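Trainee: In full-length UniProt numbering, the protein residues as written are 1 to 596. Using N, Cα and C, we set each Cβ at its ideal position, and we do this for glycine too. Small disclaimer: the values here were computed from a predicted structure and weren't measured.
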Amino acid sequence: MFGFISKIFTSLTLFRAAFYKYKKMILLLTGLGFISGILGGIGIGAVIPLFSFVVGQDGAMSSDPISKMFRAVSSFFGISFSLPVVIAALVILFVSKAVFVYIADVINAKAVAEYEAETRKEIFSYTMRADWPYLMDRKIGHLSQMIMQDVNKSAGLLMLISAVILSITSFIMYAIVAIGISFYVSAGTILIGLGMFFVLKPLFYKMRKLSKKEVSVSMEVSHHVNQHLIGSKAVKSFAVEDSVSGKGKSFFQELANARFDAARYNNILGAFLEPFTLAIIIPIFLFSYRDPSFNVASFAAILYLVQKMFSFIQSSQAKISKINQNIPYLISVINCQTEVKRRLEKSAGDKDFKFDSLLEFKNIEFSYDGFGEKVLNNLNLGIKKGETVGLIGHSGSGKTTVVDLLLRFFNPVAGGIFADGVNVTEINLKQWRKNIGYVSQDIFLLNDTVANNIRFYDESISENDILNAAKLANIYNFITQQPEQFQTLVGERGLKLSAGQRQRIVLARALSRNPKLLVLDEATSALDNESEVAIKHALDGLRGRVTMLIVAHRLSTIEDSDKLAVLERGRIIEEGRPRDLLKDTNSYFYKMYSIR
1 MFGFISKIFT SLTLFRAAFY KYKKMILLLT GLGFISGILG GIGIGAVIPL
51 FSFVVGQDGA MSSDPISKMF RAVSSFFGIS FSLPVVIAAL VILFVSKAVF
101 VYIADVINAK AVAEYEAETR KEIFSYTMRA DWPYLMDRKI GHLSQMIMQD
151 VNKSAGLLML ISAVILSITS FIMYAIVAIG ISFYVSAGTI LIGLGMFFVL
201 KPLFYKMRKL SKKEVSVSME VSHHVNQHLI GSKAVKSFAV EDSVSGKGKS
251 FFQELANARF DAARYNNILG AFLEPFTLAI IIPIFLFSYR DPSFNVASFA
301 AILYLVQKMF SFIQSSQAKI SKINQNIPYL ISVINCQTEV KRRLEKSAGD
351 KDFKFDSLLE FKNIEFSYDG FGEKVLNNLN LGIKKGETVG LIGHSGSGKT
401 TVVDLLLRFF NPVAGGIFAD GVNVTEINLK QWRKNIGYVS QDIFLLNDTV
451 ANNIRFYDES ISENDILNAA KLANIYNFIT QQPEQFQTLV GERGLKLSAG
501 QRQRIVLARA LSRNPKLLVL DEATSALDNE SEVAIKHALD GLRGRVTMLI
551 VAHRLSTIED SDKLAVLERG RIIEEGRPRD LLKDTNSYFY KMYSIR
């Protein structure tokens, strides 16, 4: 019993956390439920005087509570209690009930739509503003599933809760009317109905357990589909379509099995309730028939009321069952909201961006878990304004980590990065990033026009800015040769373009913002020679005008740098002008240059 109460309390806590802002709507729905229940119950009870008139009895002499109420109302308004009056009252009652039910449905639909929209906006917005370590650990498919399916199922909970409230309030009102007509029959029916809930409790527990499994499998399916659609080119190039499809089939089958099991248990509930209702109604008839005061009209009314009460019980049981199935989705959404809010990117800095002379990495130490193996160890590097600095080193030496720290995706464990003597953590984070142009080896393009890919959600960038950026990135001629020019669609992830063309559009995106510092992280590593030359020409045109940090494997990209830094095991082991380093036959750069 204690466990059952604990589960109810947990569920109520979840509902409060998710739907507290809709409490007024829920209270209004409760009130509308009571009103519609009263109208429906009285309307059904009105069958008694109606039936009395139809069979030729004097309806005015009926002694049941409903008939007495009708007589009192008729007397109050000075109207003769007659068949037309009863029929008119019935029409008014049921039309009024229909209006109140419609209003309740509209309010319910509005609350559900509002919750769904607001929750999706919140999760997506917070996810976009979460810190990079959090995003690194997320699976795309899981986030997609969360925002679309889990929120949808959670919104369904709000609708189900409202429907249960309406069913319960209607049940209470119908029960009051039924008890007024026949106390013993109605009381017995209500007790049996409530007992059904406790009998079926293990079924509800099983269904919630199955639903948790469905949520878990559904997320894995979503991740598998998203991941392999994005990587479909790699799948085809390695001829592993059958293996990927086979794994997908096993996921899909597992999901189908989970949903079938949930449906099977849900159908047990539906199949059980109908014969159970009949088994209750037959004894009621036999019990009532043996009573000397048996009244056909009263029996018809109470029979219908009992049937409706069991209908409400059945409806509530089915909806409570569905609520149990959907609760794991709500838990998933609430956990996501809580976690992503906790991981919002923080910027304590409030100073304006300023870089007029020197950007310095001072005694930088960094490890990804904060205390494990150091990726960067006492790293020192200076970049003067207008200077082009090349950063080279073996894979795993920490080059991309340097870039991530510069973009403030992570914070150093020790040391700091300083712009004109000011620690960059004191500078407003958005301002800092807006003044850095970033081009990575992982090209990200929208399935949109060339112009929109260069503008990339920054409406302050004019058409003229786009044209100039395209020229600087050495992509202008290619774009203007296309029939649609800057309105040319690039396809999903830019697949209609070559790798070099995609990279130059991303470079144009960075340059359109007039950055004070341009960072290229292995931007030419996957390009052919012709594309690399085009990028190199673009960079040559920027030398002296834009401060650049170029991380590269290919030495041809950085051989004309003002300064070259060699990174090994997290520290700078060589630094100087390329031509000076080439004079030292023992230098890393000389050895790499000799074997290229």
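1) In terms of residues, what are the limits of the alpha helix (DSSP H) holding K434?
2) Which whole-angstrom value describes the C-beta separation of M146 and I38, a residue pair presumed to lie in contact below a C-beta threshold of 8 Å?
3) Could you have a look at N474 and say whether DSSP puts it in helix, strand or coil?
4) On a Cα-Cα basis, can you pick out the residue from L472, P578, D458 and F312 that is closest to A175?
5) May I ask you to list the residues that DSSP assigns as paired with G576?
6) Assuming A538 contacts L564 (C-beta within less than 8 Å), just tell me the rounded distance between them.
7) Use the C-beta contact count for Q314: other C-beta atoms within 10 angstroms, 16 or more gives buried, fewer gives exposed.
8) Exposed or buried, what is R579 when buried is set at 16 or more other beta-carbons lying within 10 Å of its beta-carbon?
9) Roughly how many angstroms separate the alpha carbons of D137 and S125, rounded to a whole number?
10) For a quick check, are the C-beta atoms of S460 and E568 less than 8 Å apart?
11) Using a 10 Å radius around the Cβ and a threshold of 16 neighbouring Cβ atoms, would you call E360 buried or exposed?
12) Could you tell me how far apart the beta carbons of S347 and V215 are, in whole angstroms, since I believe they sit closer than 8 Å?
13) Spatial neighbours of L160 within its chain, please: CB distance less than 6 Å, with the 5 preceding and 5 following residues excluded, ordered by chain position.
14) What first and last residue would you give for the alpha helix (DSSP H) that runs through K399?
15) Within the same chain, show all residues whose beta-carbon is closer than 7 Å to that of C336, passing over the 5 residues directly before and after it, in chain order.
16) Could you compute how far the alpha carbon of F310 sits from the alpha carbon of F251?
17) Since E387 and N447 should fall inside the 8 Å C-beta cutoff, what is the C-beta to C-beta distance between them, to a whole number of angstroms?
18) Cα-Cα, which of A499, A451 and I26 is closest to V164?
19) Where do the ends of the beta strand (DSSP E) carrying D548 lie?
20) So if DSSP puts V389 in a beta bridge, which residue, or which two residues, is it bridged to?
21) Which of helix, strand or coil does DSSP assign to T449?
22) Rounded to whole angstroms, what is the Cα-Cα separation between V450 and Q503?
23) Can you tell which of I334, L379, Q441 and K591 has its C-alpha closest to the C-alpha of T13?
24) Considering just the uninterrupted stretch of the alpha helix (DSSP H) at D458, what are its terminal residues?
25) Quickly, what does DSSP pair I364 with across the bridge? List them, please.
26) Cutting at 7 Å between CB atoms, please list the residues of its own chain near Q501, excluding the five before and the five after it.
27) Just tell me which of L135, N514, K24 and S395 has its CA closest to the CA of I466.
28) In whole angstroms, what separates the C-alpha of L555 from that of R455?
29) Assuming F100 contacts I35 (C-beta within less than 8 Å), just tell me the rounded distance between them.
30) Got a sec, what are the start and stop residues for the beta strand (DSSP E) L520 sits in?
31) Report yes if the C-beta distance between E116 and V151 is below 8 Å; otherwise report no.
32) Can you tell me the Cβ-Cβ gap for V566 and G393, rounded? I've got them flagged as a contact below 8 Å.
33) Going by CA-CA distance only, name the one from R433, D404, Y102 and A499 that's closest to F366.
34) Less than 8 Å between the CB atoms is what I'm expecting for S517 and N435, so what's the real figure, rounded?
35) Using only alpha-carbon positions, find the residue among K374, N428 and I364 that is nearest to P412.
36) Here's the rule: buried if 16 or more other CB atoms are within 10 angstroms of the residue's CB, otherwise exposed. What is L329?
Mentor: Straight from the coordinates:
1) L429 to K434
2) Wrong, their Cβ atoms sit about 42 Å apart, outside the cutoff.
3) coil
4) F312
5) L564
6) That belief does not hold up - the Cβ atoms of A538 and L564 are roughly 20 Å apart, past 8 Å.
7) buried
8) exposed
9) 18 Å
10) no
11) buried
12) Contact flag wrong, Cβ pair sits at about 34 Å.
13) K319, K322 and I323
14) K399 to L406
15) I123 and M146
16) 40 Å
17) That belief does not hold up - the Cβ atoms of E387 and N447 are roughly 37 Å apart, past 8 Å.
18) I26
19) Per the sequence presented here, residue 548 reads as Met, with Asp not at that position. Its beta strand (DSSP E) spans residues T547 to V551.
20) L549 and K563
21) strand
22) 12 Å
23) I334
24) Element bounds for D458: n/a, residue is neither H nor E.
25) L379
26) I475 and F478
27) N514
28) 31 Å
29) 5 Å
30) L517 to D521
31) yes
32) 6 Å
33) D404
34) Note that residue 517 corresponds to Leu in the displayed sequence, not to Ser. Contact flag correct, Cβ pair sits at about 7 Å.
35) I364
36) A small correction: the amino acid at residue 329 is Tyr; Leu does not occupy that position in the sequence shown. Flag for Y329 reads buried.
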